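Chains A and F supply the protein sequences, listed in that same order. Positions in the first sequence are counted from 1; adding 480 to them yields the numbering used here. Positions in the second sequence are counted from 1; adding 543 to them yields the numbering used here.
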Amino acid sequence: MQGELAGGGLRQARSGRSLKRAMPVWVGTLALLLPTYLWLTLAIFLPLLGMLVFSFLTKAPFGNAKPAFTFDQYLAFVRQPYLIDVAWTSLRLALVTTGLCMILGLAAAMALKQAASGRARTILFMLIILPFWTNGLIRIFSWTMVLREGGFIDMVIRAFWPGAPSIGLLYSEPAIIIGLVHGYLPYMILTCFISLLAIDDDLIDAARSLGARNYVIFGKIILPLALPGLISGAVLTFVPVIGCFMEPRILGGRVGVTMGTVIEDQFTSAFNWPRGAAFSFSMLALVLVVFALFSSVLRQGGIAREDG
Amino acid sequence: MSAVDVAAVVKNYGAQKVLDDIAIHFQEGAFTSLLGPSGSGKTTLLRIVAGFVTPDQGVVRIGADDVTRVPVHARNIGMVFQSYALFPHMTVMENIAFGLHRRGVRGAEATRRARQALDLVQLSHLGERRPKQLSGGQQQRVALARAIVFSPSVLLLDEPLSALDRRLRQDMQVELRRIQQESGLTTIFVTHDQEEALTLSDHIAILDGGRIVQEGAPAQIYEHPRTRFAASFLGDANFLSGPTMPGGIEIDGRPIKVAMPFETRGRATVAVRPEKMSIDGPGENRIPAVIRQIVYAGATTTYLLDGPEGLPFRVFTQNHEANLHPVGSAVWLTWSPAHTILLAE
């Protein structure tokens with residue numbers, strides 16, 4: 481390791497010397513990095529900065545009236561306590577969906593890895609990717625057909641048990657969660673699968689030869705080594721789900737009031753961009769707080785990833 | 544520590560016969576090598592003893608127990624894999640203690656025994672490292688310590704040295720033999736490297752095409768190979784085949800005498816080890832040849848020669864004096880009838 485570092489240093493010094501005659505090293509570095517940072521500035525930093533400014537204004541600066549500076553938008557949470565409930569609903573949806581995705585995703589990824597033959601694996605893989613090929617909106621509306629009173633699930637149940645009461649899941653929180661899990665599960669399966677693929681089969685055999693039963697192998701070998709995949713999958717799921725608005729609106733009906741739908745309303749119906757922006761940044765803060773709470777787990781995943 | 548017995552084991556993968564009626568006894572405390580080319584079934588046999596593969600027919604016994612249907616985790620085996628298979632998310636100590644924990648040995652006792660195993664492989668100072676921070680040879684030692692720390696009934700080694708470079712491999716051979724003798728473990732070692740098998744083993748079984756071709760002590764197999772395959776796979780050999788005559792065979796009108804008694808009928812093949820032949824030396828068996836190529840290696844020289852009817856020969860000599868026969872010279876190859884091994888075809 482040390483020898484490698486020293487070698488690298490030497491190499492750098494040498495190339496530095498030869499470049500010095502033409503131009504300083506930092507010019508080249510800057511030239512190489514500039515496009516990336518320019519793009520980041522243009523595509524992420526500027527729009528976000530604009531929204532941040534909006535969130536401190538009384539009204540969107542589009543009309544003739546001059547907007548004034550205010551903290552009022554952020555105080556909405558204090559003045560309208562129902563927003564706290566809404567935020568809690570969003571957080572709960574995100575946590576439950578992410579948790580379910582982790583359980584189902586890891587199980588599916590393990591099954592996928594077990595399907596050793598290349599052909600079976602390819603077919604299963606296609607089946608997982610397939611939902612991505614259809615529009616998200618169509619997928620959600622399809623769920624309404626399945627979940628509504630007298631829908632597909634009820635029909636199947638009544639085929640075996642005539643006169644059964646309706647499951648009637650539509651317009652409830654479970655319906656939203658079903659839709660969300662369905663939508664985001666593929667990400668989790670893919671990230672877990674990639675982690676699992678990196679686990680050498682010999683490790684499992686070795687654990688078995690040392691006396692480990694299946695549940696020990698899962699708990700001590702597979703789970704820790706799949707952690708990087710689980711964590712990246714969780715981040716990929718949690719962040720969009722906490723801000724989701726399509727699924728709650730279509731599958732949740734009256735109960736489907738989340739921060740996502742509230743923010744969407746502010747931008748589209750109420751045309752109150754500053755308030756929508758303030759809510760968005762509050763959500764961002766919430767996400768960051770959640771990540772901070774789980775930071776020790778996240779860091780562990782990072783270490784496991786470094787180790788391979 | 545226990546003896547291992549494999550009796551009448553058959554394993555097929557579809558139509559392919561991988562192991563065909565294998566019976567072998569692994570003596571208690573002995574180091575036995577399963578030697579064969581890839582596809583000979585040696586790894587499958589090891590995995591059957593380990594329990595990863597269930598035989599279609601036959602019985603596997605460890606000690607007095609029939610373990611044919613016992614799952615791997617209940618067999619009390621120690622196994623070292625070709626890829627080492629160290630757990631990357633655990634430290635060296637945690638890796639070694641894994642097998643102890645599975646046997647209910649925990650806390651100070653587990654630490655003490657893991658330390659002891661680490662001392663045995665001379666890596667006492669690296670207990671807190673992760674596998675990725677170790678060299679190949681060190682990982683190899685950790686894998687060995689992990690496999691023997693809980694005193695398994697049998698130690699199974701699946702080509703553990705093949706990933707190491709030549710120098711390190713020779714060091715590890717000595718180390719492996721020392722550890723095996725100190726621990727007195729019944730050891731089964733799978734390899735395709737004949738030199739490794741010869742230097743390490745008490746007993747060698749040569750496998751080919753799912754059958755045991757020959758087994759015995761290294762010197763016995765080397766000096767008396769029974770088949771052409773055994774003779775060429777374990778060491779080098781010159782083959783001569785011709786019609787039989789009383790006391791030997793006939794090559795190009797010359798008698799080649801064979802010391803051991805045999806039936807005079809039809810044709811027969813004999814093998815002669817390259818180091819048993821000498822050039823223009825003593826010996827009852829003589830054959831003319833022309834030196835085609837000389838491979839000089841300092842301490843030794845290998846001559847490649849052409850015999851009668853273009854029959855190729857290989858002669859291996861110690862360089863006692865710097866007296867090399869030049870390429871192209873016509874010489875007599877000579878050897879003793881005692882070193883002329885009759886092969887069963």
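We treat Cβ as the ideally placed atom computed from N, Cα and C, and that holds for glycine. Every value quoted in this text rests on a predicted model; they were computed, and no experiment measured them.
Neighbourhood of Gly809/F in chain A, by CB distance below 7 Å: empty, with the nearest CB roughly 49 Å away.
With distances taken between CA atoms, Ile618/A lies nearest to Met726/A out of Leu571/A, Met726/A and Ala772/A. Under DSSP, the beta-bridge partners assigned to Ser821/F are Thr877/F. Of the residues assessed, Met622/F falls on the buried side of the cut-off, its CB having 16 or more other CB atoms within 10 angstroms. Secondary-structure assignment with DSSP links Phe732/F through a beta bridge to Ser576/F and Leu700/F. Put simply, the backbone Cα of Thr787/F is about 36 Å away from that of Asp745/F. Runs of the alpha helix (DSSP H) spanning 4 or more residues and lying entirely within the region 498-531 of chain A occur at 505-520, in chain order. Per DSSP, the beta bridge partners of Arg857/F are Leu847/F. Per the C-alpha coordinates, the member of Asn638/F, Val664/F and Gln665/F positioned closest to Thr654/F is Asn638/F. In terms of beta-carbon proximity, Ile702/A stays away from the interface with chain F, with every pair separated by 8 Å or more. The DSSP-derived three-state label of Ala780/F is coil.
Annotation for Leu562/F: no alpha helix (DSSP H) segment contains it, though the beta strand (DSSP E) segment containing it runs Gln559 to Phe569. Residues of chain F whose Cβ lies closer than 7 Å to the Cβ of Gly691/A are, in chain order, His616, Gly642, Arg645 and Arg646. Interface annotation, Ala593/F: in contact with chain A, CB-CB separation under 8 Å. Annotation: Tyr839/F is outside any alpha helix (DSSP H); the continuous beta strand (DSSP E) that includes it extends over Asn828 to Ala840. Residues of the region 702-731 of chain F with a C-beta less than 7 Å from any C-beta of chain A: none at all.
Looking at the backbone, the Cα of Val870/F and that of Ile822/F are separated by about 13 Å. Three or more pairs of CB atoms, one per stretch, sit closer than 8 Å, so the region 575-592 of chain A contacts the region 711-723 of chain A.
His863/F carries a coil assignment under DSSP once its states are collapsed to helix, strand and coil. Chain A has a Cβ within less than 8 Å of the Cβ of Ala628/F. Counting every other CB atom within 10 Å of its CB across the protein chains shown gives Thr597/F a total below 16, marking it as exposed. The secondary-structure analysis by DSSP pairs Gly759/F across a beta bridge with Ile747/F. In terms of CA proximity to Gly727/F, Leu719/F leads the group Thr734/F, Ala774/F and Leu719/F.
Residue environment: Glu744/A is assigned as buried (16 or more neighbouring CB atoms within 10 Å of its CB, all protein chains considered). At a cut-off of 8 Å between beta carbons, Arg688/A contacts chain F.
At least one C-beta of chain F is nearer than 8 Å to the C-beta of Val696/A. The residues Val735, in chain order, have a CB closer than 7 Å to that of Ser652/A in the same chain once the five nearest residues on each side in sequence are set aside. At least one C-beta of chain F is nearer than 8 Å to the C-beta of Leu705/A. At a cut-off of 8 Å, the C-beta of His746/F has no neighbouring C-beta in chain A. For the set Met625/A, Leu607/A, Leu512/A and Gly691/A, the Cα lying nearest the Cα of Pro666/A is the one of Leu607/A. Listed in chain order, the non-local C-beta contacts of Phe673/A below 6 Å within the same chain comprise Ala589 and Leu592, local neighbours out to five positions each way being set aside.
Take Ala802/F, set aside five residues on each side of it, and the residues of its chain with a beta-carbon closer than 6 Å to its own are Pro880 and Ala881, in chain order. Among the residues of chain A, none has a CB under 7 Å from the CB of Met636/F; the nearest is roughly 14 Å distant. At a C-beta separation below 7 Å, Met788/F has no neighbours in chain A, since its nearest C-beta there lies roughly 56 Å away. In the DSSP annotation of this structure, the continuous segment of the alpha helix (DSSP H) that includes Asn638/F starts and ends at Val635 to Arg645. Between Ile605/F and Val685/F, the gap from beta carbon to beta carbon reaches 8 Å or more.
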